Structures are given as structure tokens and as C-alpha cells.
Amino acid sequence: MLIYACSRKEYKNLVIFAGSVIFYSLGVKKPVYIFLFLLTTLLNFIVGQFIENSRHAKKAWLFFGTAFNFWWLIFFKYWSFGGENINAIFHTSLTVKDIILPIGISVPERILYR
Numbered sequence: 000m001l002i003y004a005c006s007r008k009e010y011k012n013l014v015i016f017a018g019s020v021i022f023y024s025l026g027v028k029k030p031v032y033i034f035l036f037l038l039t040t041l042l043n044f045i046v047g048q049f050i051e052n053s054r055h056a057k058k059a060w061l062f063f064g065t066a067f068n069f070w071w072l073i074f075f076k077y078w079s080f081g082g083e084n085i086n087a088i089f090h091t092s093l094t095v096k097d098i099i100l101p102i103g104i105s106v107p108e109r110i111l112y113r
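Read left to right, the sequence shown gives residues 0 to 113 (numbering that gives the first Met the number 0).
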């Protein structure tokens, strides 16, 4: 916060971004999630720019950005849940790997009480 307070106005967003990346990096268990964090941040920034500069496609860009973010939420929270249910319903033996959730995505209660 001190660096942010002392920085010039044009660098304040960069200071917040760098602080967020450093903070996220300190708590992440797999380095690939840092890449995912940067990818989603960049894509959300680009989508935001398209929404701001578009005349007619604002809703389409908003839908795309929201769908992109929900995809990651659904993937990380429900991938193993979906695989387990497919195995149970169709009596298959698909391999369902437990995925380590990135920071910021809550853990389902069924994992906490196993």
C-alpha cells in the first residue's frame, strides 16, 4: 500500500497489478496457476476494452467474457464431480483425477468432509 500511495498516478494500476501477481504467486501450489491467472487477467482486460470501444457488440463481448470466466469456475469445481457421476450412472470406469483448485475458488463441502 505504501508503494501504491507513493507512486505517480499513471503507475498506480501497474502497482496494483504487480502486487496482485506477487500476492497470488506466494500462495499458489502449482506454478501453472500463475500462468492461468495472467491469462484470465489479460483476456478480461481485452474483453473490457472491446466492451468500451464497441458500438453494437457490447452485449456479445460481455457474454463472451462472462462465459470464459464461468468455464474456469465450472471446470475446477465440478470436473471430478461430473466424472464421478458419469461413472456411477453409466457404470463406466473413467479415470477422474483430483484437480487442485486455484486460489480464490472455494472448496465444495463434500471434499471437506471425506
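The beta carbon of each residue, even a glycine, is placed where N, CA and C say it ideally should be.
Nothing here was measured: the structure is a model prediction, and the numbers come from that model.
Could you check how far apart the C-beta atoms of I121 and V31 are, in whole angstroms? I think they sit under 8 Å. Shown here, the chain extends from 0 to 113; a query on residue 121 therefore has no answer.
Please say whether V14 and I2 have beta carbons closer to each other than 8 Å? Position 3 of the sequence shown holds residue 2. Position 15 of the sequence shown holds residue 14. Closer than 8 Å, so yes.
Out of curiosity, what's the CA-to-CA distance linking Y23 and F16? Taking the sequence shown and counting its residues from 1, the one referred to as residue 23 is at position 24. Taking the sequence shown and counting its residues from 1, the one referred to as residue 16 is at position 17. In a straight line, the C-alpha of Y23 is about 11 Å away from that of F16.
Taking 8 Å as the cut-off, decide whether the C-beta atoms of N86 and S92 are in contact. Residue 86 sits at position 87 when you count from the first residue of the sequence shown. Residue 92 sits at position 93 when you count from the first residue of the sequence shown. It is a contact, given that the beta carbons lie within the stated cut-off.
For K29, which of helix, strand or coil comes out of DSSP? For the purposes of this step, residue 29 is identified with residue 30 of the sequence shown, where counting begins at 1. Reduced to three states, the DSSP call for K29 is coil.
Indicate the three-state DSSP secondary structure (helix, strand or coil) for I104 in the structure shown. Locating residue 104 in the sequence shown gives position 105, counting from the first residue. Three-state DSSP puts I104 in coil, outside helix and strand.
Answer with yes or no whether the minimum CB distance from I45 to chain D is below 8 Å. Of the protein chains in this structure there is only one, and it is not chain D.
Taking I2 as part of the alpha helix (DSSP H), name the residues at either end of that continuous run. Along the sequence shown, read from residue 1 onward, the residue named residue 2 stands at position 3. Secondary structure note for I2: its alpha helix (DSSP H) is the uninterrupted segment 1-5.
Check whether the Cβ atoms of F67 and L100 sit closer than 8 Å, and answer yes or no. The count along the sequence shown starts at 1 and reaches residue 67 at position 68. The count along the sequence shown starts at 1 and reaches residue 100 at position 101. It is not a contact, given that the beta carbons lie outside the stated cut-off.
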